[in-house]
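Each remark here refers to the structure printed beneath this line.
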Amino acid sequence: MMSRKPLGQVPGIYHRAIGDIVVTAISDGYADAGIEPLRNIDLSEALLLFEEKLRPVRRASINCYLVHSEGQIALIDTGCGPYFGPTAGQLQRNLSAIGIRSDEIDAILLTHIHPDHSAGLTDVADGRRIFANARLAVHRNELAHWFDDVEMAKASDQDRRFFFDTAREQVTPYKDVVQAFEGRTEVFPGVLSRPLLGHTPGHSGFTISSKGEELLIWGDTIHIPEIQISRPEVTLTFDCDQELAAETRKKLFEEVSARKTLIAGSHIDFPGFAHVVQRRDGYDLLPEPWSYTMR
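UniProt numbering applies: residue 1 is where the sequence shown begins, and numbers increase by one.
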């Protein structure tokens, strides 16, 4: 009889060339969640949309991305660490599968400081920096918000523990190597930050460009593709500014569909590479076909 413990399939790694830069999607696993946090949609309608997509539960992939550029390695987001149960927290296992040690990573680029993106920074048992030789690049507004005692005092006890305490535990060990960026800044060779505000005060994407090719890693622009692609006005309770998050999403959909920009998302089914296309009745998400060899 099979063990109840989730069994891994093949290593969760996938390489994609962007010009001379190699981007490697690294799976941190997945997390199942309910639809109760959804806003601006009736929950019965949300359930119907899931059923139409043959999705019985809301299952969120958790994707991180390595960027290999000019002999250096950056990691975009660090996954969940131990916070989301046995189906998540797989980043280190999958890094090992491609022979990369944590101390070989030169930079960590955070889309934002929610725990499913930043809780792989620090070993919670001893406070040790997992990425011992990496600098940490994150939007200045993220640091200001999650380290603001006034903002922390406004939060519920649950949010205080889960978001604020975790943010401080994970980021503080890197305080001497933090690069706080604003606007569009080159944070790594061939990588520009791109503010995509609303989900959090400093939520950012990263545009990777080389030899005329481009990829936008858009972080948490969407959490639930089954709903938010066709209904970009739908938000979640943990969007810090729900109105701005929806507006950012709508504008970005318009831009990337018009420009046919390749995107990658933290919560799009692994490996997360896709295009947004405009239909007569809204938008659709077209995952890039899986390739056995690196494109």
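Glycine is no exception: its CB is placed at the ideal position from the N, C-alpha and C atoms.
Quick caveat: nothing in here was measured; it's all calculated off a predicted structure.
What span of residues does the alpha helix (DSSP H) with residue i cover, start to end?
{"i": "Q242", "result": "242-259"}
{"i": "R161", "result": "Neither: R161 is in no alpha helix (DSSP H) and is coded neither H nor E."}
{"i": "A153", "result": "149-154"}
On the DSSP bridge list, what partners appear for residue i?
{"i": "E186", "result": "L192"}
{"i": "Y14", "result": "A25"}
{"i": "Q72", "result": "S69"}
{"i": "Y30", "result": "S61"}
{"i": "L47", "result": "L47 pairs with nothing; no bridge assigned."}
{"i": "L136", "result": "I108, V178"}
{"i": "R39", "result": "T235"}
{"i": "T122", "result": "R129"}
What are the boundary residues of the beta strand (DSSP E) that includes residue i?
{"i": "P287", "result": "282-287"}
{"i": "H68", "result": "58-69"}
{"i": "residue 298", "result": "Within the shown structure, residues of the chain are numbered from 1 to 295, placing residue 298 beyond reach of any answer."}
{"i": "F273", "result": "273-279"}
{"i": "A180", "result": "178-181"}
{"i": "A264", "result": "262-264"}
Assuming the contact rule is C-beta atoms closer than 8 Å, residue i and residue j should be a hit. Round their C-beta distance to whole Å, please.
{"i": "V276", "j": "V256", "result": "5 Å"}
{"i": "L109", "j": "V171", "result": "No, L109 and V171 are not in contact; Cβ-Cβ is about 13 Å, not under 8 Å."}
{"i": "L43", "j": "I35", "result": "6 Å"}
{"i": "G205", "j": "G219", "result": "5 Å"}
{"i": "T221", "j": "H114", "result": "Not really, about 13 Å apart at Cβ, beyond 8 Å."}
{"i": "H223", "j": "L236", "result": "6 Å"}
{"i": "I62", "j": "S266", "result": "7 Å"}
{"i": "L32", "j": "V57", "result": "Leu is not the amino acid found at residue 32; the sequence shown has Asp there. Indeed, because the Cβ distance is near 5 Å, the residues count as touching under 8 Å."}
{"i": "P195", "j": "H145", "result": "At roughly 14 Å, the Cβ-Cβ gap does not stay under 8 Å, so P195 and H145 are not in contact."}
{"i": "A107", "j": "F163", "result": "Not really, about 24 Å apart at Cβ, beyond 8 Å."}
{"i": "F147", "j": "R161", "result": "Between R161 and F147 the Cβ distance is about 15 Å, and since that is not below 8 Å, they are no contact."}
{"i": "I227", "j": "I41", "result": "7 Å"}
{"i": "D116", "j": "C80", "result": "5 Å"}
{"i": "A46", "j": "L38", "result": "6 Å"}
{"i": "S209", "j": "G183", "result": "Incorrect: roughly 16 Å between the Cβ atoms, too far for contact."}
On a Cα-Cα basis, can you pick out the residue from the options that is closest to residue i?
{"i": "A264", "options": "I76, L48, R59, R39", "result": "I76"}
{"i": "I130", "options": "I105, D149, F238", "result": "I105"}
{"i": "L91", "options": "R16, R135, L66", "result": "L66"}
{"i": "T261", "options": "H223, T207, V177", "result": "T207"}
{"i": "T111", "options": "G99, D126, T87, A74", "result": "A74"}
{"i": "S96", "options": "L196, P289, L252, I13", "result": "I13"}
{"i": "Y283", "options": "I100, H114, C80, R249", "result": "R249"}
{"i": "P287", "options": "D176, S69, Q228, G272", "result": "G272"}
{"i": "T293", "options": "P173, P86, A17", "result": "A17"}
{"i": "T24", "options": "S69, Y30, A33, R58", "result": "S69"}
{"i": "R295", "options": "Y30, V10, H15, E213", "result": "H15"}
{"i": "A137", "options": "D123, S118, A180", "result": "A180"}
{"i": "Y83", "options": "A125, L38, E142", "result": "A125"}
{"i": "D103", "options": "T87, D239, R128", "result": "R128"}
{"i": "Y30", "options": "F162, D269, F238, D149", "result": "D269"}
{"i": "R59", "options": "Q72, P225, P232, E151", "result": "P225"}
{"i": "I217", "options": "F238, L143, D239, S193", "result": "S193"}
{"i": "G198", "options": "D148, E151, D241, R161", "result": "D241"}
{"i": "S291", "options": "E52, A274, Q278, F50", "result": "A274"}
{"i": "E214", "options": "E142, I21, Q9", "result": "I21"}
{"i": "A119", "options": "P173, G183, V150", "result": "P173"}
{"i": "N94", "options": "G85, H117, P11", "result": "P11"}
{"i": "F253", "options": "F238, D239, Q278", "result": "Q278"}
{"i": "A134", "options": "D176, S156, A153, N141", "result": "D176"}
Report yes if the C-beta of residue i is less than 7 Å from at least one heavy atom of the ligand NAP; otherwise report no.
{"i": "P37", "result": "The ligand NAP is absent from the structure shown, which contains no ligand whatsoever."}
### Ranges of the beta strand (DSSP E) found wholly within the stretch 202-227, counting only runs of at least 3
204-210, 213-217
#### Entry: Complete beta strand (DSSP E) runs within the stretch 86-118 (minimum length 3 residues, chain order)
107-109
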